[in-house]
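Residue numbers in the sequence shown follow the numbering used here, run continuously in steps of one, and reach 1291 at the last position.
A virtual CB, placed ideally from N, CA and C, is assigned to each residue, including glycine.
Okay, structure first, notes after.
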Amino acid sequence: MNIKYEKEKYSQGYDFVIGCDEVGKGSLAGPVVAAAVAFASVDLKSKVKSYQVIKSCGIKDSKLLSPKKREELSEVIKQSCVAWGIGEVGPEIIDEINIHNATLLAMRKAVENLYKRISTDAADGFARITDKTRDDRYFLFLDGKFTIPKFDMEQEAVVDGDNKILSVAAASILAKVHRDGLMTRLHKKYPAYDFAKHKGYGTLHHRQMIIQHGLSDIHRRSFCENIIL
């Protein structure tokens, strides 16, 4: 994995490159979570060093990393990037608008929350971006086949982006660590389902617990219909 995607956009005049990815799309319970990570083009040589710092730590698709390594890299990413943001969409909304639309909504929220974190200092001297008329300073890469609809930012969806684009891989790690932590905390509220173990995914044990205890408040009913019939 290298930074050729980011460098190409910097050469085209973009000031910030954002990577975005999701986790939890196929889970039976809990939210779908997206993360967005931004890097800046100011003093490209210096910024490349920042990329090299996180690249040298072994950043890649979160699914290929151990939980401990993901947690370590999550802190490195937060310290090295310009800004980051998290977006969540819960089970009720997933059931209402379907998982595809919910995933894109989570990605939208992640990028919007990233905006809130960008400050003059964090952006290496750039003025704070507060209005949509200046979105041409940003370029957004998303993992997958779909871009965010009706979103005022230039963007590109890249299949397998979390294995090709460093900023997207970084986002995948933040999303995974955030969601795993959330599901572990929810385990304390719903101990019967062992969310800390399977994070809401459809393991055999999880399905057996659904059959035994029924659905909790955080289960996606549209995902569990065949289990509870």
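Taking the straight line between their C-alpha atoms, what separation do you get for residue i and residue j?
i: A1185; j: I1273; result: Its pLDDT being 45, under 50, A1185 is placed unreliably in this model, and the coordinates cannot settle the point.
i: H1260; j: F1213; result: 34 angstroms
i: E1068; j: L1277; result: 43 angstroms
i: V1230; j: L1244; result: 21 angstroms
i: V1239; j: M1215; result: 26 angstroms
i: A1091; j: H1281; result: 4 angstroms
i: I1170; j: A1258; result: Before going on, a small fix: residue 1170 reads as Arg here, not Ile. Using only the alpha carbons, I get a separation of about 27 angstroms.
i: A1097; j: H1275; result: 32 angstroms
i: D1083; j: D1279; result: 26 angstroms
i: R1241; j: G1086; result: 8 angstroms
i: R1269; j: I1156; result: 19 angstroms
i: N1160; j: I1210; result: 15 angstroms
i: G1206; j: P1129; result: 23 angstroms
i: T1246; j: L1127; result: 18 angstroms
i: K1250; j: D1256; result: 9 angstroms
i: D1077; j: F1201; result: 8 angstroms
i: S1136; j: E1158; result: 32 angstroms
i: N1163; j: E1154; result: 13 angstroms
i: N1288; j: T1265; result: 14 angstroms
i: I1139; j: R1132; result: 10 angstroms
i: R1199; j: L1248; result: 38 angstroms
i: Y1252; j: E1134; result: 27 angstroms
i: M1271; j: C1286; result: 12 angstroms
i: H1267; j: V1220; result: 34 angstroms
How many whole angstroms separate the CB atoms of residue i and residue j, which I take to be in contact at a CB cut-off of 8 angstroms?
i: L1166; j: F1208; result: 6 angstroms
i: A1168; j: V1094; result: 5 angstroms
i: G1152; j: Y1263; result: The pair is not a contact, with the Cβ atoms about 16 angstroms apart (cut-off 8 angstroms).
Using a Cβ-Cβ distance under 9 angstroms, would residue i count as near chain B?
i: K1226; result: Protein chain content of the structure displayed is limited to a single chain, and chain B is not contained in it.
Between the options, which lies nearest to residue i when the distance is taken from Cα to Cα?
i: Q1217; options: G1081, D1157, K1066, E1154; result: G1081
i: W1146; options: S1128, A1102, G1206; result: A1102
i: K1178; options: P1153, I1148, N1163, S1234; result: I1148
i: K1125; options: A1254, S1284, T1246, L1236; result: L1236
i: Q1141; options: L1127, V1099, A1172, H1162; result: V1099
i: V1144; options: A1233, E1150, E1134; result: A1233
i: V1173; options: L1228, I1065, F1203; result: F1203
i: K1066; options: N1288, S1136, L1228; result: L1228
Classify residue i as buried or exposed, calling it buried when 16 or more other Cβ atoms lie within 10 Å of its own Cβ.
i: I1290; result: exposed
i: S1284; result: exposed
i: A1254; result: exposed
i: E1150; result: buried
i: S1108; result: Note that S1108 has pLDDT 49, beneath the 50 cutoff, so the model's placement of it is unreliable and the number below is only indicative. With fewer than 16 other Cβ atoms within 10 Å, it is exposed.
- Message: Three or more C-beta pairs under 8 angstroms: does that hold for the stretch 1223–1233 against the stretch 1069–1078?
- Response: Flag = no, the stretch 1223–1233 and the stretch 1069–1078 do not touch.
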